[in-house]
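Report on the following structure.
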Amino acid sequence: MKKFVLIFLALPFLVNAQIKETAHSIDNYQILKSEGEIFQNAQFFSIEFEHTECLPDQTRFEMEMEIAENKARILQNNPNAFNRSNTQVLFVEPIRPKEEFSGYGYHTINFNVDHNLNGNNQLLDYNCGNRTYDWGSGNHQGTDFIIWPYAWKGMEENIMEVLAAADGIIINKKDGFYDLNCQNNGNPNWNGFVLEHADGSQTIYMHFKKNTLNAKEIGETVVAGELLGIAGSSGSSNWPHLHFEVRDFENKVIDPYQGSCNSMNDESWWQNQEPYAVKRINKISTHYVGTEDLECPVIENTYEEINFEPGEKIFLKIYYRDINHGDITNIKIKKPNDEILYDWDWTNDWGAFYATAHAAFEFQTDNNWMDGVYTVTATFGGNTYETIFGINTNMGLEESQFTNLSIYPNPARNTLNLKLDQNIDAVDILGLDGKVYFKNKTSGNEVQLNISTLPKGVYLVRVKSGNKIEHKKFIKE
0 MKKFVLIFLA
10 LPFLVNAQIK
20 ETAHSIDNYQ
30 ILKSEGEIFQ
40 NAQFFSIEFE
50 HTECLPDQTR
60 FEMEMEIAEN
70 KARILQNNPN
80 AFNRSNTQVL
90 FVEPIRPKEE
100 FSGYGYHTIN
110 FNVDHNLNGN
120 NQLLDYNCGN
130 RTYDWGSGNH
140 QGTDFIIWPY
150 AWKGMEENIM
160 EVLAAADGII
170 INKKDGFYDL
180 NCQNNGNPNW
190 NGFVLEHADG
200 SQTIYMHFKK
210 NTLNAKEIGE
220 TVVAGELLGI
230 AGSSGSSNWP
240 HLHFEVRDFE
250 NKVIDPYQGS
260 CNSMNDESWW
270 QNQEPYAVKR
280 INKISTHYVG
290 TEDLECPVIE
300 NTYEEINFEP
310 GEKIFLKIYY
320 RDINHGDITN
330 IKIKKPNDEI
340 LYDWDWTNDW
350 GAFYATAHAA
360 FEFQTDNNWM
370 DGVYTVTATF
380 GGNTYETIFG
390 INTNMGLEES
400 QFTNLSIYPN
410 PARNTLNLKL
420 DQNIDAVDIL
430 GLDGKVYFKN
440 KTSGNEVQLN
450 ISTLPKGVYL
460 VRVKSGNKIE
470 HKKFIKE
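Per numbering that gives the first Met the number 0, the sequence shown starts with residue 0, numbered consecutively.
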């Protein structure tokens with residue numbers, strides 16, 4: 000067995016002027032099983048964002064003046080509009096994926112509120128970590144939910160929906176501004192909403208994709224969980240995301256997360272506060288090159304592929320949310336006959352916590368690789384994630400045949416929904432070994448399948464429309 004070749008060691012690349020990607024060679028791994036050389040190259044990439052001005056004091060002052068004027072007009076029509084309750088409002092999560100999303104994850108929390116007000120990169124988040132930032136004259140005062148991975152592609156596809164965190168009155172609304180910004184430079188032209196809630200607190204939702212905002216206007220009410228719009232990159236932003244900010248009835252900054260180093264409020268403002276570290280793989284996939292499209296704001300080509308021929312290289316990529324020093328990922332590749340081809344662990348040993356990161360492994364196939372569908376599993380944070388690829392196969396990827404084929408929910412338990420913008424002629428369900436579990440001729444562009452009796456596992460759904468056929472993976476829970 001050949002030794003793994005070290006190619007890079009902590010080599011930084013600038014994605015743009017304000018985003019840096021650093022490559023680390025993965026040399027801390029343990030091979031548990033391998034038939035021949037396991038991989039030729041393996042790297043871990045951490046993503047870092049520059050700590051630059053988010054919302055200048057002047058812009059914040061102007062926003063507060065607009066809000067005061069809007070509230071005065073609302074009170075003229077409804078003097079009781081802002082009668083304040085003494086019961087503290089609790090929030091629901093202000094984001095969700097679009098209904099058709101079928102992946103494992105679509106976002107990370109890249110920055111929280113900064114509790115160290117001294118500036119000069121003296122950082123402290125609510126959990127006593129440094130997942131926040133400041134700049135020369137200010138501190139980050141909100142929570143940034145960023146699209147990850149493929150942020151610009153995700154924005155184009157409206158993947159992150161922004162929701163009202165609680166019932167409230169719209170006291171400010173901005174729309175129509177450019178939404179493909181690449182600099183966090185204090186730009187005041189953001190799209191979004193400000194809501195006021197029953198206890199007098201306010202929530203700010205910034206950086207929306209233009210022309211996606213809820214049609215309701217200033218003075219109208221929304222309910223918790225109501226769709227406000229789509230995350231984008233308007234205003235002072237270098238990445239498609241939601242900036243979510245909370246103020247109490249006295250206009251003091253609130254960090255909605257309860258934690259040992261939260262100096263602003265003792266209690267959580269969430270109905271259900273998620274853990275500080277949500278250790279998750281957002282995406283696991285195979286590709287025909289190791290290239291990452293990094294130019295801002297170009298919609299990324301993912302270079303995904305699941306059909307390979309002997310002699311071609313396979314690039315396995317894993318996109319993480321919240322990976323910490325010492326975290327172990329186990330990866331297995333199973334052959335079409337269910338025998339293990341490769342089985343290995345690797346450990347994040349760079350002494351840091353990364354909210355946004357990915358790993359890549361390069362394999363060289365040859366004529367000894369068996370024809371058929373291979374299964375890849377990655378176990379991380381107590382959960383296992385799966386994908387497939389094939390040797391001498393003709394399976395379809397999401398964008399290979401039908402650009403608007405949706406399959407949801409995924410994973411699915413009792414029913415699986417298919418939706419296409421053209422007639423669906425037939426739907427089959429296959430196992431990864433090629434076994435056909437279900438065959439059905441259909442008519443119409445929407446199909447609902449009863450899969451309640453299907454054993455748990457990973458399957459392919461084969462969709463035929465006209466002279467085109469596409470395969471998509473789904474998981475039966």
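Where is the CB? At the ideal position from N, CA and C, for every residue including glycine.
Given the structure is predicted, the values throughout are model-derived calculations rather than measurements.
Whose C-alpha, out of Asp321, Gln121, Asn366, is nearest the C-alpha of glutamate 311?
Of Asp321, Gln121, Asn366, the residue nearest in Cα terms is Asn366.
Cutting at 6 Å between CB atoms, please list the residues of its own chain near lysine 471, excluding the five before and the five after it.
These residues qualify, in order along the chain: Ile406, Val460.
Three or more C-beta pairs closer than 8 Å, one from the region 33–49 and one from the region 356–372: is that the case here?
Three or more beta-carbon pairs drawn from the region 33–49 and the region 356–372 are found closer than 8 Å, and the two stretches are therefore classed as touching.
When the Cα of serine 33 is compared with those of Lys331, Pro408, Asn422, which residue comes out closest?
Checked all of Lys331, Pro408, Asn422; the closest Cα to serine 33 is Lys331.
Identify which residue in Asn180, Glu225, Gly191 has its Cα closest to the Cα of isoleucine 298.
Minimum Cα distance to isoleucine 298 is reached at Asn180.
Decide if methionine 394 is buried, meaning its Cβ has at least 16 other Cβ atoms within 10 Å, or exposed.
Buried.
Counting beta carbon pairs with one atom in the region 238–248 and one in the region 151–166, are three or more of them shorter than 8 Å?
These segments touch.
Helix, strand or coil at lysine 152 according to DSSP, with G and I counted as helix
Helix, per DSSP.
Which residue wins for smallest C-alpha separation from asparagine 119, given the options Phe437, Tyr132, Leu74?
Out of Phe437, Tyr132, Leu74, the CA that lies nearest to the CA of asparagine 119 is found in Tyr132.
Can you say whether leucine 417 is buried or exposed, counting buried as having 16 or more other CB atoms within 10 angstroms of its CB?
Classification for leucine 417: buried.
Nearest neighbour of methionine 62, chosen from Asp178, Glu99, Gly191 [CA to CA]
When only C-alpha atoms are compared, the closest one is Gly191.
Within the chosen definition, does the region 317–334 reach the region 273–281 through at least 3 CB pairs nearer than 8 Å?
A contact is defined here as three or more CB-CB pairs under 8 Å, and the region 317–334 meets this definition with respect to the region 273–281.
6 Å CB neighbourhood of arginine 246 in its chain, flanking five on each side removed:
Excluding positions up to five away in sequence, the list reads Gln201.
Short Cβ contact (8 Å threshold) for glutamate 385 with valine 372
Contact flag unset, no.
With a threshold of 16 other CB atoms inside 10 Å of the CB of threonine 211, please say whether the residue is buried or exposed.
Only buried fits threonine 211, as 16 or more other CB atoms lie within 10 angstroms of its CB.
Can you round the beta-carbon distance between tryptophan 134 and histidine 50 to whole angstroms, since I take them to be within the 8 Å contact cut?
Indeed, because the Cβ distance is near 6 Å, the residues count as touching under 8 Å.
With a threshold of 8 Å, are at least 3 pairs of Cβ atoms found where one atom belongs to the region 113–128 and the other to the region 300–311?
Pairwise C-beta distances place the region 113–128 out of contact with the region 300–311, as fewer than three of them are shorter than 8 Å.
What are the boundary residues of the alpha helix (DSSP H) that asparagine 490 is part of?
Because the chain here runs from 0 to 476, residue 490 falls outside it and cannot be looked at.
At a cut-off of 7 Å, would you count tryptophan 269 as near the ligand GTP, judging by its Cβ distance to the nearest heavy atom?
For the structure depicted, the ligand GTP is absent and the ligand set is empty, with no information on it obtainable.
For a test of the three-state rule: what should DSSP assign to tryptophan 268, helix, strand or coil?
Three-state DSSP puts tryptophan 268 in coil, outside helix and strand.
Curious, which full-length beta strand (DSSP E) runs of at least 3 residues does the region 380–467 contain?
Contiguous beta strand (DSSP E) elements confined to the region 380–467 occur at 382–390, 405–407, 414–418, 425–430, 435–440, 445–449, 456–464, taking only those with 3 or more residues.
Among Pro187, Pro408, Lys173, whose alpha-carbon lies nearest the alpha-carbon of proline 96?
Ranking Pro187, Pro408, Lys173 by Cα distance to proline 96 puts Pro408 first.
So is glycine 231 buried or exposed if we call it buried at 16+ other beta carbons inside 10 Å?
With 16 or more Cβ atoms within 10 Å of its Cβ, glycine 231 is classed as buried.
Taking 8 Å as the threshold, find out whether the region 214–226 comes into contact with the region 245–265 through three or more Cβ pairs.
Contact between the region 214–226 and the region 245–265 is absent: fewer than 3 CB-CB pairs across the two stretches fall below 8 Å.
Quick one: using the 10 Å Cβ neighbour count with 16 as the cut-off for buried, is lysine 2 buried or exposed?
Note that lysine 2 has pLDDT 27, beneath the 50 cutoff, so the model's placement of it is unreliable and the number below is only indicative. Burial call: exposed.
Please report the distance separating the alpha-carbon of tyrosine 458 from that of aspartate 427.
Cα to Cα, the separation comes out at about 10 Å.
Counting C-beta neighbours from all protein chains within 10 Å, is the total for alanine 351 16 or more, i.e. buried, or is it exposed?
It counts as exposed.
Assuming the contact rule is C-beta atoms closer than 8 Å, isoleucine 468 and threonine 414 should be a hit. Round their C-beta distance to whole Å, please.
Their Cβ separation, rounded to whole angstroms, is 23 Å, which puts isoleucine 468 and threonine 414 out of contact at 8 Å.
By alpha-carbon positions, which one of Ile170, Pro55, Tyr103, Asn109 ends up nearest to asparagine 138?
Each of Ile170, Pro55, Tyr103, Asn109 was checked against the Cα of asparagine 138, and the nearest Cα belongs to Pro55.
To the nearest angstrom, how far is it from the Cα of serine 399 to the Cα of isoleucine 474?
The pLDDT assigned to serine 399 is 49, lower than 50, so where the model puts this residue is not dependable, and the model offers no usable value.
Close Cβ partners of valine 446 (< 7 Å) along its chain, the five nearest in sequence each way excluded
Around valine 446, the same chain offers Leu417, Ile423, Val426 as residues with beta carbons nearer than 7 Å, after the five sequence neighbours per side are excluded.
Counting only the same chain and skipping the five closest in sequence on each side, list residues whose C-beta sits under 7 Å from that of glycine 153.
Taken in chain order, the residues that qualify are Tyr105, Ile146, Met159, Pro239.
Whole beta strand (DSSP E) elements within the region 243–297, 3-residue minimum:
Secondary structure in the region 243–297: the beta strand (DSSP E) runs of 3 residues or longer, each lying completely within the stretch, are 279–286 in chain order.
Distance, Cα to Cα, glutamate 47 vs aspartate 420?
Our two residues, glutamate 47 and aspartate 420, have alpha carbons roughly 39 Å apart in a direct line.
List the whole-angstrom C-beta distance separating alanine 165 from valine 252, where the pair is believed to meet the contact cut-off of C-beta under 8 Å.
Contact between alanine 165 and valine 252 does not hold, since their C-beta atoms are separated by about 17 Å, which reaches or exceeds 8 Å.
Around the Cβ of isoleucine 339, are there at least 16 other Cβ atoms within 10 angstroms (buried) or fewer (exposed)?
Exposed, because fewer than 16 other Cβ atoms sit within 10 Å of the Cβ of isoleucine 339.
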